[in-house]
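Protein chains in written order, with this note's numbering: chain R, 1 to 323; chain C, 324 to 646. Please read the structure below before turning to the comments.
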């Protein structure tokens, strides 16, 4: 039996700026501690203040370097910055590999910066579930800005960046970005495009391709429309980061003005609540009839005696009559 | 309102080998047709016969070429082969991009081969949900072998390949495979490692790394143990494919002998039934109180008035009292 934690005390210490308390709280939510609901309850009144920024892009575009440079830019404004580095490609490892994180070490001794790597727990919805909880911890602990960095742009990544108020999509010249971008649907999630390594050949072409794609994408989206901005950076030389911060601020103002910020945050909360509710329901499905209902149905389905929809119907009915 | 389809007739025609009937049935399940449950019911008695092979690996290892060569190898044995090419990196596009599929065109006129590209529908669990349904169609239509090919090895990909009886993981020399493999947890899902482009420098090193990793991995897995085999291929020259087919057959025999095949197929059915049940429950959650319950709760969570666990509890209680 795990030791019971004094959650209120832990939250107090996290809010006083103790990094170990912050880390401990994130571990509690990541490990699905039995005190999870208590943690969420104590944190709730302190949440809703942080500005949440998602940052994604293919391997090799300079994500870690850009994240680190962006952290510096916000620190220069006196803001406290939390970073959640999410790695959906590690389905089995208990903790994310720190590989690229060494580039973030310049911030390791800065008490105004907190960096955490997160790996998925190997189950469907692992990231969709744990990341908002960790975000909630950093928000309540008083970080002004939380950056959620994630590798690549796939299904899980899109889910992760959709937690953000503003999403940055990083590209680099000469990586076949145009096609990649269209393929991964990042047009739909990007609020700001950052063309990194902009001192290289092909940067102009990348910007041109993006402008063209943005012009195509505009027609299909209903409601008030944010036209994604495009910023050029050379993150390794710290060039262009103020412009990135400016573009994010501009997007933020636009969202506030159009009621979009509230809408995004409601959507984020809605996703979170739904994921928790479905997790509870899944665990009840697993518990039905002493935990054997699902397996017995699955055996009949595997044998071709029952179809999966009929089996699912039986399972859901069992849940209702069990209520 | 969509046209109602004569499902029994469609299934009959699919079983007679009409590719258009097969394609139509897959479209019905992919598009979540209202007749989905009916399709599943009519298909059920004909399922459970196909040998299901998963095939995955990073971009550039030669997945499409290998799939195509493997299709030829099975065709040479007189087997009918279905291919589901799953692309989890396309969260928004309505259909998967056919890019690499051009390499499969050699089979386009062979009535014993059916190839289908599938993209996720942009929602969590999209692939976990649609792929088994499509697999069920090909199984019932009498394909002896179904190959599920998927790009990369991330969370979604692992879920997809976990549908297979046997999983092939493709590697190529000189791509930092050792580290990549450890990172992505593919040791745990691979039944057969295929080192493609084995005529290149570094193939020996890749095989050595794999052997070392397999020796490390052995200790942690309980129950009867399959030690993943390693096969070298040069798929572009059609070299080594018979050995791949042999390794798959050996794994298949091993599974039958150890009761593992039944267990994997029960697990597959269990995942499928659970996904369908959760989909039904999610849709009921969304419908609560005329569809506004979740949004109202989410607004309170976003405002910090309520924590997400308490909100999820209210939602689940609402579902039960609604029963």
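Here a beta-carbon is modelled for each residue, glycine too, at the ideal position from N, C-alpha and C.
For residue 386(C), is the classification buried or exposed, using 16 other Cβ atoms within 10 angstroms of its Cβ as the cut-off for buried?
Buried.
Can you grab the Cα-Cα spacing for the pair residue 669(C) / residue 271(R), in whole Å?
Outside the shown range of chain C, which is 324 to 646, sits residue 669(C), and nothing can be said about it.
For residue 309(R), count neighbouring C-beta atoms within 10 Å of its own C-beta (all shown protein chains included) and say buried if the count is 16 or more, exposed if not.
When all chains shown are included, residue 309(R) counts as buried.
Please classify residue 216(R) as buried or exposed, where buried requires at least 16 neighbouring CB atoms within 10 angstroms.
Label assigned to residue 216(R): exposed.
My output table needs one value for residue 61(R): the three-state DSSP class, helix, strand or coil.
Coil.
Taking all protein chains shown into account, do 16 or more other C-beta atoms lie within 10 angstroms of the C-beta of residue 165(R), making it buried, or fewer, making it exposed?
Answer is buried; the Cβ neighbour count reaches 16.
Residue 625(C) CB to nearest chain R CB: under 9 Å?
So yes, residue 625(C) belongs to the interface.
I need the DSSP call for residue 46(R), collapsed to helix, strand or coil.
In the structure shown, residue 46(R) sits in a helix (DSSP, three-state: H, G or I).
Suppose you measure from the CA of residue 131(R) to the CA of residue 262(R); what does that come to, to the nearest Å?
Cα to Cα, residue 131(R) sits roughly 19 Å from residue 262(R).
Whole angstroms are fine: how far does the CA of residue 259(R) sit from the CA of residue 407(C)?
Approximately 43 Å, taken between the alpha carbons.
Hey, quick one: how far does the beta strand (DSSP E) through residue 149(R) stretch, first residue to last?
145 to 151 is the span of the beta strand (DSSP E), which, as asked, contains residue 149(R).
I'd like to know whether the C-beta atoms of residue 636(C) and residue 612(C) end up nearer to each other than 9 Å.
No, they are not a contact pair.
Which residues, in chain order, does the region 590 to 619 of chain C contribute to contact with chain R at a C-beta distance below 9 Å?
Against chain R - using a Cβ distance shorter than 9 Å - the residues of the region 590 to 619 of chain C are 590, 591, 592, 593, 594, 595, 596, 597, 598, 599, 600, 601, 602, 603, 604, 605, 607, 608, 609, 617, 618.
In the DSSP assignment, the alpha helix (DSSP H) including residue 288(R) goes from what residue to what residue?
Element bounds for residue 288(R): 260 to 291.
Starting from the Cα of residue 269(R), find the closest Cα among 197(R), 50(R), 163(R) and give me that residue.
For residue 269(R), the nearest C-alpha among the options comes from 163(R).
First and last residue of the alpha helix (DSSP H) that includes residue 241(R)?
Here the alpha helix (DSSP H) through residue 241(R) covers 241 to 257.
Please check if any C-beta of chain C sits within less than 9 Å of the C-beta of residue 228(R).
Chain C, which has no Cβ nearer than 9 Å to the Cβ of residue 228(R), makes this no.
Who pairs with residue 229(R) in a beta bridge, going by DSSP?
In the DSSP output, where bridge partners are listed per residue, residue 229(R) has 192(R).
Taking its Cβ as the centre, do 16 or more other Cβ atoms sit within 10 Å of residue 225(R), making it buried, or is it exposed?
Exposed, since its Cβ has fewer than 16 Cβ neighbours within 10 Å.
Quick check on residue 459(C) - is its C-beta less than 9 Å from some C-beta in chain R?
Taking Cβ atoms only, chain R reaches closer than 9 Å to residue 459(C), which makes this a yes.
Taking contact to mean 3 or more Cβ pairs, one atom from each stretch, closer than 8 Å, check whether the region 134 to 149 of chain R and the region 37 to 56 of chain R are in contact.
The region 134 to 149 of chain R, when compared against the region 37 to 56 of chain R, does touch it at the 8 Å Cβ threshold.
Taking residue 189(R) as the reference, which of 7(R), 168(R), 300(R), 138(R) has the closest Cα?
Checked all of 7(R), 168(R), 300(R), 138(R); the closest Cα to residue 189(R) is 168(R).
How would you write the range of the beta strand (DSSP E) that residue 5(R) sits in, first residue to last?
Neither: residue 5(R) is in no beta strand (DSSP E) and is coded neither H nor E.
Given a cut-off of 9 Å, decide if residue 203(R) and residue 238(R) are closer than it, judged by their beta-carbon atoms.
Going by C-beta atoms, residue 238(R) is not nearer than 9 Å to residue 203(R).
Apply the 10 Å Cβ neighbour rule to residue 60(R) and answer buried if 16 or more other Cβ atoms are within range, or exposed otherwise.
It is exposed - the Cβ of residue 60(R) has fewer than 16 other Cβ atoms within 10 Å.
Looking at residue 66(R): is its Cβ nearer than 9 Å to the Cβ of residue 235(R)?
Contact flag set, yes.
Pick out whichever of 227(R), 55(R), 212(R) has its Cα sitting closest to the Cα of residue 148(R).
Closest option to residue 148(R), Cα to Cα, is 55(R).
Spatial neighbours of residue 136(R) within its chain, please: CB distance less than 6 Å, with the 5 preceding and 5 following residues excluded, ordered by chain position.
These residues qualify, in order along the chain: 43, 47.
Does DSSP classify residue 110(R) as helix, strand or coil?
Looking at residue 110(R) - three-state DSSP - the assignment turns out to be coil, as it is neither helix nor strand.
Leaving out five residues on either side along the sequence, give the residues of the same chain with a beta carbon under 7 Å from the beta carbon of residue 344(C).
Taken in chain order, the residues that qualify are 333, 336, 337.
Under the assumption that residue 405(C) contacts residue 461(C) (Cβ atoms under 8 Å), give the Cβ distance between them as a whole number of angstroms.
Correct: roughly 4 Å between the Cβ atoms.
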